[in-house]
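Please read the structure below before turning to the comments.
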Ligand SMILES: [Zn+2]
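Residue numbers (the numbering used here): 446 to 547.
This is the structure:
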């Protein structure tokens with residue numbers, strides 16, 4: 446449904462990696478994120494970011510036995526998108542500044 450913007454991953458003792466995604470639906474509701482497990486239908490209602498980290502780790506460990514090397518990564522394309530937006534904002538601010546001074 447949404448676009449995954451963040452991933453939580455943890456590995457099981459046998460090396461299998463499990464993932465919990467944070468998804469955002471840019472089209473319908475860009476202000477609400479969803480937490481979705483990639484391996485079962487676990488999808489808690491969203492709380493704060495710190496809470497998500499705890500919850501995702503807890504879920505991966507208790508439901509899938511993956512309690513090793515919990516990590517979270519930002520989605521690569523989402524991160525790139527933000528890197529493109531920042532310089533554009535900077536250019537607009539500089540243009541505005543130059544315009545105001547002239
Ligand atoms: Zn799960």
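By construction, the Cβ of each residue, glycine as well, lies at the ideal position given by its N, Cα and C atoms.
Just so it is clear, the structure is predicted and the values come from calculations on it, not from any experiment.
Straight-line CA distance for residue i to residue j?
| i | j | result |
| --- | --- | --- |
| residue 515 | residue 472 | 30 Å |
| residue 546 | residue 527 | 29 Å |
| residue 506 | residue 540 | 51 Å |
| residue 534 | residue 457 | 43 Å |
| residue 530 | residue 524 | 10 Å |
| residue 517 | residue 536 | 31 Å |
| residue 502 | residue 453 | 8 Å |
| residue 513 | residue 455 | 6 Å |
| residue 467 | residue 487 | 12 Å |
| residue 626 | residue 509 | Residue 626 lies beyond the range of the chain shown here (446 to 547); nothing can be said about it. |
| residue 489 | residue 480 | 6 Å |
| residue 463 | residue 521 | 18 Å |
| residue 532 | residue 542 | 15 Å |
State the start and end residues of the unbroken alpha helix (DSSP H) segment that holds residue i.
| i | result |
| --- | --- |
| residue 524 | 521-546 |
With respect to the beta strand (DSSP E) encompassing residue i, which residues constitute its N-terminal and C-terminal limits?
| i | result |
| --- | --- |
| residue 451 | 448-456 |
By a C-beta neighbour count over all protein chains shown, 10 Å radius and 16 as the cutoff for buried, is residue i buried or exposed?
| i | result |
| --- | --- |
| residue 469 | buried |
| residue 504 | buried |
| residue 394 | In the structure as shown, the chain starts at 446 and stops at 547, and residue 394 therefore has no counterpart that could be examined. |
| residue 477 | exposed |
Could you name each continuous beta strand (DSSP E) segment of 3 residues or more that falls completely within the segment 464-491, going from the start of the chain to the end?
Taken in chain order, the unbroken stretches of beta strand (DSSP E) that lie wholly in the segment 464-491 and span 3 residues or more are 474-482.
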